[in-house]
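S.K.:
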Amino acid sequence: MKEYDKAHKLLDIAVEEVRTISRNLQPGSLQNLGLVPAIKDLVNRFEGEGYPDIDFQYYEMPEK
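Remember, our numbering sits 24 above the position in the sequence shown when you count from 1.
(1) Can you tell which of Leu54, Glu73, Asp36 has its C-alpha closest to the C-alpha of Glu64?
(2) Please report the straight-line C-alpha distance between Phe70 and Ile45, rounded to a whole angstrom.
(3) Check the C-beta distance from Tyr82 over to Val60 and give it rounded, since I have them as a contact under 8 Å.
(4) For Ala62 and Pro51, which I take to be in contact (beta-carbon distance under 8 Å), what is that distance rounded to the nearest angstrom?
(5) Mapping the DSSP letters down to three states, classify Asp79 as helix, strand or coil.
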């Protein structure tokens, strides 16, 4: 049982670390602006010569 508890605690720590890392990888614009504006911002960064045309469409999605 002692080994099980130790393994369980280590697993909890690992899961929390993965959650922290994934939150830190989230772009600030996603948190500040919301999903749709953040995607629009990302698409705007890849406009111009040398990039493919991107047509971002969304339906019934709240801005925030």
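Built from N, CA and C at the ideal position, the CB exists for glycine as well.
M.R.: Quick answer:
(1) The residue you call residue 64 lines up with position 40 of the sequence shown. Looking at the sequence shown, residue 64 is not Glu but Lys. Ranked by how close their Cα comes to the Cα of Lys64, the residues Leu54, Glu73, Asp36 have Leu54 in first place.
(2) The residue you call residue 70 lines up with position 46 of the sequence shown. The residue you call residue 45 lines up with position 21 of the sequence shown. Going by C-alpha positions, Phe70 is about 26 Å away from Ile45.
(3) Reading the sequence shown from its first residue, position 58 is the one you call residue 82. Reading the sequence shown from its first residue, position 36 is the one you call residue 60. So it is a contact: roughly 6 Å between Cβ atoms.
(4) What you label residue 62 is simply residue 38 of the sequence shown in a count that begins at 1. What you label residue 51 is simply residue 27 of the sequence shown in a count that begins at 1. At roughly 6 Å, the Cβ-Cβ gap stays under 8 Å, so Ala62 and Pro51 are in contact.
(5) By 1-based counting over the sequence shown, the position of residue 79 is 55. Here Asp79 sits in coil by DSSP.
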